[in-house]
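**Q** Residue numbers (the numbering used here): 94 to 582.
Pasting a structure below so you can have a look.
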């Protein structure tokens, strides 16, 4: 058998459960991500045993895990990986090294145990395993007569700390060399807070995601205008805008954009939180404008990540740093209200449902399959005064996809065993996706000086993968470039 070889243990027939294994030789392999399956991906049958929390592939040769970023569908199976006997290092970028323990603590509490002593022991173990790598710096995993293996992380622009991974493989006995690149999740250009990803010099083999391989995003100006327009509509409806958003990445981008809208509207930002958090009594106001509009972050986990984002300012892009230098607080502005305790959360739900006071609520999780957003939806989805705004990908089989799909024509969704008619307004803004669109994915390939001759397309639904494959095939054919293109099954 010739090496390297690649096998996939997730994100093959869907967009979750990312886990790929690079076999450098018979005795040395490296995992790139080990994430949870979500939505319909969690119930599919297949060789990867999708949906299973157990690690159902051998770990004998696995020497290290490289985490491209800390979203749960890329790192959520790490507790089970450790339980299965993996004892190697966990390599990630410097920002991810700060964020990963927060993610894994939450995952451990949800999936394993809430016993504080167990949690602390587990997080201590994880922190001992983490090796934080600077961007654009080679790190040697093996240096021997049979194999030299180095990796380098480069900014992927997806969330803070996200990276694509370059493997540099050399086989001294044969003189063969291979460059293998795993894209992880690539970000859209001009995203808030983050520098855009830059393509590597080249690759022999590329494993690339395809979440939005069949569509194009709106540009940033258009999406911000749409965000503002949806909120303005909600103000006229005298209702609340519910935004399901994952705690890390999307939430911080939304806060950044909302602060920009508020700043452009007025410099007067009065405190508005006390009346909402203190009591659920009182009448709804009939006239609300931007200076009075509360932005409610109802997620303890998102609050922790937002604080960590603020601490990691050196990794922000220049635009964001200029805002800070001018005295603005993009992730901690005056109108921002954080809701931590469960009792305060329930008071907020009841108050907004009863009064329909105009407000923006950002709550997890992003696909409405669990978390505090479910309580808001159960209380408000059947009220036409409210609006639900989706700003991220909704995987097949999730409540978020159902709400998106059946929001017109008397549709309904089942939440916690309860059937709810969808009467609230529903809108989606694709431009806020943290994933690159088809054009971004194609440019990641074509901006390389040495185009990969072997591409494997993963992390996408069938339609998206096929569309990206078709586009790449045409480009390679027109440029008369050799291409072995695979869509693993």
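Positions of the beta carbon are idealized from the N, C-alpha and C atoms, including for glycine.
Tell me which residues share the same chain as residue 488 and place their Cβ nearer than 8 Å to its Cβ, disregarding the 5 neighbours each side in the sequence.
**A** Excluding residues within five positions, the ones whose Cβ falls inside 8 Å are 107, 108, 109, 131, 132, 133, 134, 460 and 494.
**Q** In terms of residue numbering, what span does the beta strand (DSSP E) encompassing residue 259 cover?
**A** 256-264 is the extent of the beta strand (DSSP E) around residue 259.
**Q** Relative to the C-alpha of residue 236, which candidate in 266, 457 and 247 has its C-alpha closest?
**A** Of the listed residues, the one whose Cα sits closest to residue 236 is 266.
**Q** When you compare the CB positions of residue 445 and residue 437, do they come within less than 9 Å of one another, or not?
**A** It is not a contact, given that the beta carbons lie outside the stated cut-off.
**Q** Since residue 535 contacts residue 568 with CB under 8 Å, what's their CB separation in whole angstroms?
**A** Right, their Cβ atoms sit about 7 Å apart.
**Q** Report the rounded CA-to-CA distance for residue 285 versus residue 251, giving the unit in angstroms.
**A** Their backbone Cα atoms lie some 10 Å apart in a straight line.
**Q** Check whether the segment 295-303 and the segment 269-279 touch, using three or more Cβ-Cβ pairs below 8 Å as the test.
**A** Touching, yes.
**Q** Pick helix, strand or coil for residue 554, following the three-state DSSP scheme.
**A** The answer is coil: DSSP assigns residue 554 none of H, G, I, E or B.
**Q** Beta carbon of residue 343: closer than 8 Å to some heavy atom of the ligand NAP?
**A** The model on display carries no ligand, and the ligand NAP is accordingly not part of it.
**Q** Can the beta-carbon of residue 414 be found closer than 9 Å to that of residue 467?
**A** Against a cut-off of 9 Å, the Cβ pair of residue 467 and residue 414 comes out as no contact.
**Q** Which same chain residues end up closer than 7 Å to residue 393 when comparing Cβ atoms and leaving out the 5 residues on each side of it in sequence?
**A** Cβ neighbours of residue 393 beyond the five flanking positions: 433.
**Q** Under the assumption that residue 399 contacts residue 348 (Cβ atoms under 8 Å), give the Cβ distance between them as a whole number of angstroms.
**A** Going by Cβ atoms, the distance from residue 399 to residue 348 rounds to 7 Å, so yes, they are a contact pair.
**Q** Using CA atoms only, rank isn't needed, just tell me which of 356, 336 and 342 is closest to residue 391.
**A** Nearest C-alpha to residue 391: 336.
**Q** Residues in its own chain within less than 7 Å of residue 324 by CB, not counting five upstream and five downstream?
**A** Within the same chain, residue 324 has close Cβ partners 334 and 453.
**Q** Helix, strand or coil for residue 472, going by three-state DSSP, please let me know.
**A** Residue 472: helix per DSSP, three-state reduction.
**Q** Measure the beta-carbon distance from residue 249 to residue 279 and round it to whole angstroms, keeping in mind my assumption that it falls under 8 Å.
**A** So it is a contact: roughly 5 Å between Cβ atoms.
**Q** Enumerated in chain order, which unbroken segments of the beta strand (DSSP E) with a length of 3 residues or greater are wholly contained in the segment 388-443?
**A** Taking only runs of at least 3 residues, the beta strand (DSSP E) segments lying wholly in the segment 388-443 are 388-391 and 429-431.
**Q** State yes or no: is the C-beta of residue 402 within less than 9 Å of the C-beta of residue 242?
**A** No, they are not a contact pair.
**Q** Suppose only complete runs of 3+ residues qualify. What are the beta strand (DSSP E) ranges in the segment 154-233, listed by chain order?
**A** 155-159, 183-186 and 223-226, all fully within the segment 154-233.
**Q** Rounding to the nearest angstrom, what Cα-Cα distance links residue 112 and residue 148 in this structure?
**A** Those two C-alpha atoms are separated by around 11 Å.
**Q** On a Cα-Cα basis, can you pick out the residue from 105, 94, 99 and 97 that is closest to residue 552?
**A** With distances taken between Cα atoms, residue 552 lies closest to 105.
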